[in-house]
Structure formats: structure tokens, C-alpha cells
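I have placed the structure first, in the form of C-alpha cells, so that the comments after it can refer back to it.
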Amino acid sequence: MKKFDAVVIGAGMSGIACALRLQSFGLNVALIEKHRVLGGLNSFFQRVKKSPDGKRQGIRHFDVGLHALTNFAKKGSRKKPLMKILRQLRIPYDSLLLKEQNYSLIHLDNKKLKFNNNIDTFISEVETYFPDQLDGFKKLIEVVESSTLDTSDNEYISSRKKIKEFISDEILQEMIFLPVFYYGSSWEDDIDFKQFCIMFQALYLEGFSRPYGGIRTLFNILKEKMQALNIVRMMGVAVQKIEQKLDHHILELSNGEVISSKKVFSSIGYPETQRVLGQKVNKEAVGKLGFVEVQIFYNELLEKKLPTICFYNKTKKFIYRNPDSLIDRDSAIICSPEGYDDFEGKEGVLRVTFLANYKLWKELDSKEYTEKKEYVERVAKELIEEIYPAHLRTESFIDTFTPLTVEKYTSHINGAIYGATKKFLNGDMGVKDLFLIGTDQGYLGITGSILSGISMANMYGFPTRHQP
Amino acid sequence: MTMTDVKNVIINIIKDIAPDEDVTSLDENVSLREQIDLDSMDFLDIVMELRKRHKIEVPQEDYPKLATLKSCVDYLFPKFSVS
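If you're matching them up, the sequences are chains Z and U in order. Under the numbering used here, think of the first position of the first sequence as 26, with each following residue one higher. Under the numbering used here, think of the first position of the second sequence as 0, with each following residue one higher.
Listed below in C-alpha cells is the structure:
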């Protein structure tokens, strides 16, 4: 039986970061990934690009997951999460080739608020459109800036209630929540206030950027690091069962192998980890929020003035919950990869994301599934025409993922992107020498998930005594 | 190993863990935390590299002794002379 000091389950952002740290401590580490590709929730793929008469015209690249790298920080800035992860993984800042967003937009009913990587923009928008809320908004910023994350504190505080201490205008409340929920809440219609502070900082105080070349750029760097450190990678292998022994765990793998490890770091989610441990799954904690995303390619680049990300809600009330229908047509995120400084593409791309009901998608047979995907694609195109009316755009390609796709690639029950509604900030779900990392540990966004892997590795993997 | 050698050992480690920082202009009497924003996670890395490269152990209670370049040298020099 192969023996390891630590096994990391899942080669997404948090798993890779965790494995890199553990291996650098001198531990003997295995990284196990169910799929043949790295990335989990944040991945990429490519398709051959063909002309209308079927001739090969090159390759089209897709990013899955990454709309934007949150927590932007300028080179040389201090005490920022992005700088911490780069340093901990020893990635030089410049190698990420970060391009800043132009601006993003919160569009609710007929109100629009712009924000970018300088919080003053957002402040002045609030001053213009909600002048009586300005003081409260500034106070909220102060509270977020001074909030420190106590990882031993798992108490849930409703942000819907808490925000009333600062913002009395309900429209502005909704507008602030719109991006925050979309980019990281696993709760319906609310978010824990600690998570709210993390997201507020990540989205509004620090902002968005994107590596030139998309998520691949980051993965290529991480891959090289893993190769350099000789991390044992088991790809296309799932962990089927974990059995706890006195001072180690026995893991049964889908390829028939059985391995042993002193410690286990699991990025597959809280209920999903319960499942492999043979525990009764805490059903209440299973996330309900699924998404559908349509990626539309156009023959030419789009207008430069489009927002990098538009968070859209048709009505005054933002409803962030599992919809009663296949998708919630009234609310969406529209991401334009061209909304960054110095975009490298030759085709225009827009990505439209809707909340989606996993169960309803799951019930469809394969013919209906294809039809419904086409229906969602039509809805996405209509929405774009409605909110970005402009010159004629001709589509060249369209691709759609559903909660079933997410389930397949992330193994999250219900295809719930943001995982369970219960988070474990200290990584401890009550099983000795087994720690949660990633989504259900609770740091959010791409930067957050990397930080999650790093900090749990540091907290539980650092050898305290010399081991000869 | 001389005091200067020990100092260079530390500088080389810092150079590796903080590739974006200019380590040539470090003031040896000012805390590293302040000068180049090293936090507790980064100090773990210094400890780890000392162990890996030079088999030197720094127990957790001694981490504060790594605060400045000078205090690092004062603290580590005797450990290097033993090894």
C-alpha cells in the first residue's frame, strides 16, 4: 500500500495550492483528481473552430468559471490577499500578466451604478444617485475594511439584517447585494456577514482583473510548480471511501488502489466529504443554487465601452434563490472578457449566467435537454439585445453549461457552484486529521479558494517538530 | 560561517520567498514585517527553508527572534556554528 503524509482531494484552485504548500514543507503528498483535467470549478477547454463550410480555422479557447479574478492589487501593494497568495506560492507578480477591468455595472430595474478597481468611483456613484445614503455607505466601507476574520467563529449573521444599520434605501441594498450574492453566496437571498465582508472587499474595494490569456495562464504557472516539486498527481481517479484509523486514513480509489495517508485535505465539499466518509449527509447543508451559462462568440469584437461584468436584475427586488423554472430569466450576470485593458481575442465573446434549477434540468431526457439548452440560448440572446442594444452582431458559436455539467465536473451535489450552506472557516468538520479546503471552508472567489488551500496547509500541515 | 554568511543565507531565503521585493536595500534594524510586508505565513516559510537547506530548527516560541535581519543573524549565528 502506498503511504503518504498528506492526500489532497480535488485538483481545483484550493487543492493545487494546498498540495504545493504541503509538498514544500517536505511532506510526501498525493493530489487526487476525479477528472483528467485540472481546475474543478475553474477550468478551461478548447474546440476546433470551423468556418461555415466546415473548414478548420484554428482553435477557440473557453474559460469555465473565471469571469474575473477578484481581489485585484497593484504590484507592490501591501497586505492584500492577492499578494499573499503570490508570495506563498512564489509566483512573481508579473508572470500573471494581469489586466484590469475597465468598469463593471450593477443594473437593477432602471438604476445603474458603475464600479471599478477604485472604490472612489462607487462612492461617487452613490453620492450622485443615493445622496442621503452616502454617509452610511462610507461607514459600511469602514466596517468591511476593519473586519478581521476570526476562523474559530462559525456563527451566522444575516447580512440582510446587518446592512440596515448602514443603508436604509432598499434599492441600494439590493444593488450592493447583487454582485455579492452572485459571486459567492451559497445561501438563498442572503449571505453570512463575515462572507459579505470578504466579498465586499474582493469585489468593490479591490476589484477585478484577468490574466492575459485567461485562466490558462494561471494554470500553466501552477502546473510548472507542481512538476518542479514532483507532486504525485493521480488524475482520472476518484476517492470512493475514506476510513478513519487511529493515526491515519485509508482511502479507497476508483482505480482499485488503496492508499494510506496521515492527513487528508478535502476540497470536494462538506456533504460530499461526509458521503465518502460514510457519514449521514447533512441534507440541510446541501447547497441549492445552480447556474446555467451561455457563452456566445461573435464574428467581430464588441464595443469597447461594454462593462467588464454587468450584474443585471430586471425588477426592483433581487431574488437570489433556486428558481421554480429551469432558469430565472429576470436576473443574470453578463461578462465580457473584452472589458479588460488589452484584450487578446479576435472574436467577440459574451457570457450570460442565470440561476438554474438543478432538479428540473435533471428530469429532462436527452432530447428535451438539448431543446432546453437552445431555449436558454435564445433567452440569453434576447437579454443581450435588450440591455446592450447597438450595432448588428453576428454570432459564430454558442456553448452552454447547465447544473448537470457543473455536477459532472465538480462533483458538487445539485451542481451547487458555491457549495454547502454551512462553512468551516477553520477547516475542521469534526474528523481527526481531515480538513476541508476550498468552497466549503469558506474563502470565496478564485483568490479566496487559493488562499483557502494555502492557509489550511499552513495551519494543519506544517511539521512542528523535526521529522528525521 | 561568518555573521555575513549567515546574513546572506537569510537574504537568499527572503529573495526566494518574496520574488517581487528588492532585498538589496533592506535595513537590518527595521522589522521585516514592516519593510517587506512579511506576515506570519511568510515566517513559516523562512523557518521551513532554514530546516530544508541548513537543517536548522526554529521552535515556534522563537519566531519573534526573526523580526529583523539583525535579530535573525544574532539568533541564528550560534546555531550555524554548531552545525
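A virtual CB, placed ideally from N, CA and C, is assigned to each residue, including glycine.
Residue i bridges to which residues according to DSSP?
{"i": "Val89 (chain Z)", "result": "Z:Ser68"}
{"i": "Met260 (chain Z)", "result": "Z:Glu58"}
{"i": "Cys335 (chain Z)", "result": "Z:Leu130, Z:Ile359"}
{"i": "Ser30 (chain U)", "result": "U:Thr67"}
{"i": "Leu138 (chain Z)", "result": "Z:Ile131"}
{"i": "Glu150 (chain Z)", "result": "Beta-bridge pairing links Glu150 (chain Z) to no other residue."}
{"i": "Gly37 (chain Z)", "result": "Z:Gly64"}
{"i": "Glu125 (chain Z)", "result": "Z:Ser234"}
{"i": "Tyr323 (chain Z)", "result": "Z:Gly373, Z:Glu420"}
{"i": "Leu461 (chain Z)", "result": "Z:Ser291"}
{"i": "Val32 (chain Z)", "result": "Z:Ala55, Z:Val289"}
{"i": "Arg241 (chain Z)", "result": "DSSP lists no partner for Arg241 (chain Z)."}
{"i": "Leu94 (chain Z)", "result": "Z:Ser234"}
{"i": "Ile84 (chain Z)", "result": "Z:Val73"}
{"i": "Asp217 (chain Z)", "result": "Z:Ser183"}
{"i": "Ile352 (chain Z)", "result": "Z:Ala381"}
{"i": "Lys27 (chain Z)", "result": "Z:Ile284"}
Expressed to the nearest angstrom, what Euclidean distance is found between the alpha-carbon atoms of residue i and residue j?
{"i": "His491 (chain Z)", "j": "Arg185 (chain Z)", "result": "Any reading at His491 (chain Z) must be qualified, since the residue scores a pLDDT of 46, below 50, and its modelled position is unreliable; the value itself is stated next. Each residue's alpha carbon lies about 49 Å from the other."}
{"i": "Met108 (chain Z)", "j": "Tyr118 (chain Z)", "result": "8 Å"}
{"i": "Ser291 (chain Z)", "j": "Ile267 (chain Z)", "result": "11 Å"}
{"i": "Arg403 (chain Z)", "j": "Phe343 (chain Z)", "result": "22 Å"}
{"i": "Met260 (chain Z)", "j": "Gly35 (chain Z)", "result": "9 Å"}
{"i": "Pro493 (chain Z)", "j": "Met251 (chain Z)", "result": "Per-residue confidence for Pro493 (chain Z) stands at a pLDDT of 37, beneath the threshold of 50, marking its modelled position as unreliable; the derived number appears in the next sentence. Cα-Cα distance, rounded: 24 Å."}
{"i": "Phe233 (chain Z)", "j": "Arg81 (chain Z)", "result": "34 Å"}
{"i": "Ile359 (chain Z)", "j": "Thr378 (chain Z)", "result": "6 Å"}
{"i": "Thr464 (chain Z)", "j": "Val168 (chain Z)", "result": "24 Å"}
{"i": "Asp73 (chain U)", "j": "Val151 (chain Z)", "result": "54 Å"}
{"i": "Leu461 (chain Z)", "j": "Asn11 (chain U)", "result": "34 Å"}
{"i": "Phe97 (chain Z)", "j": "Asp349 (chain Z)", "result": "36 Å"}
{"i": "Thr430 (chain Z)", "j": "Val289 (chain Z)", "result": "27 Å"}
{"i": "Ile256 (chain Z)", "j": "Leu114 (chain Z)", "result": "14 Å"}
{"i": "Val317 (chain Z)", "j": "Ala227 (chain Z)", "result": "23 Å"}
{"i": "Asp453 (chain Z)", "j": "Ser286 (chain Z)", "result": "17 Å"}
{"i": "Phe50 (chain Z)", "j": "Asp215 (chain Z)", "result": "39 Å"}
{"i": "Leu75 (chain U)", "j": "Ile13 (chain U)", "result": "15 Å"}
Please list the partners that residue i has in chain Z, where partner means a Cβ-to-Cβ separation under 9 Å.
{"i": "Pro63 (chain U)", "result": "Near Pro63 (chain U) there are no residues of chain Z at all, since even the closest Cβ is about 17 Å away, more than 9 Å."}
{"i": "Leu31 (chain U)", "result": "Simply none; closest approach about 13 Å."}
{"i": "Met47 (chain U)", "result": "Ser49, Phe50, Gly51, Phe487, Pro488"}
{"i": "Ile16 (chain U)", "result": "Arg112, Gln113, Arg115"}
For residue i, return the contacting residues in chain U, with the cut-off set at a CB-CB distance below 8 Å.
{"i": "Lys100 (chain Z)", "result": "Asp19"}
{"i": "Gly109 (chain Z)", "result": "For the sequence presented, residue 109 (chain Z) should be read as Lys rather than Gly. Under the 8 Å cutoff, chain U gives Asp38, Met40."}
{"i": "Asn483 (chain Z)", "result": "Met40, Leu43"}
Starting from the beta carbon of residue i, find every residue of chain Z whose beta carbon is closer than 7 Å, and list them in chain order.
{"i": "Lys78 (chain U)", "result": "Here the premise fails: no neighbours, minimum Cβ distance about 13 Å."}
{"i": "Ile13 (chain U)", "result": "In chain order: nothing, as chain Z lies at least about 11 Å away."}
{"i": "Lys51 (chain U)", "result": "Gly51"}
Please look up how many angstroms separate the CB atoms of residue i and residue j, rounded, as I've assumed it's under 8 Å.
{"i": "Val319 (chain Z)", "j": "Ala445 (chain Z)", "result": "With 8 Å as the limit, Val319 (chain Z) and Ala445 (chain Z) do not qualify as a contact, their Cβ atoms being about 26 Å apart."}
{"i": "Ser211 (chain Z)", "j": "Leu314 (chain Z)", "result": "6 Å"}
{"i": "Leu66 (chain Z)", "j": "Thr435 (chain Z)", "result": "5 Å"}
{"i": "Ile284 (chain Z)", "j": "Ala55 (chain Z)", "result": "7 Å"}
{"i": "Thr472 (chain Z)", "j": "Leu94 (chain Z)", "result": "7 Å"}
Would you say the beta carbon of residue i is closer than 7 Å to some non-hydrogen atom of the ligand NAP?
{"i": "Tyr365 (chain Z)", "result": "Ligands are entirely absent from the displayed structure, and the ligand NAP is therefore not among its contents."}
Below 9 Å on C-beta distance, what does residue i contact in chain U?
{"i": "Tyr118 (chain Z)", "result": "Pro18, Asp19"}
In chain U, what lies closer than 7 Å to residue i by C-beta?
{"i": "Lys288 (chain Z)", "result": "Going along chain U, no residue has its Cβ under 7 Å from Lys288 (chain Z), so there is no contact; the nearest lies around 17 Å."}
{"i": "Lys250 (chain Z)", "result": "In chain order: nothing, as chain U lies at least about 13 Å away."}
{"i": "Arg103 (chain Z)", "result": "Asp36"}
If the cut is a Cβ gap below 8 Å, which residues of chain Z does residue i touch?
{"i": "Gln59 (chain U)", "result": "Thr489"}
{"i": "Lys6 (chain U)", "result": "Going along chain Z, no residue has its Cβ under 8 Å from Lys6 (chain U), so there is no contact; the nearest lies around 21 Å."}
Please confirm whether residue i has its beta-carbon closer than 8 Å to some beta-carbon of chain A.
{"i": "Ser49 (chain Z)", "result": "Structure shown: chain A not included; protein chains present are Z and U."}
Q: Please specify which runs of the beta strand (DSSP E), each continuous and at least 3 residues long, are wholly inside the stretch 246-319 of chain Z, giving them in chain order.
A: 257-260, 264-269, 274-278, 283-291
Q: Tell me the start and end of each unbroken beta strand (DSSP E) in the stretch 370-457 of chain Z that is at least 3 residues and wholly inside, in chain order.
A: 373-381, 420-426
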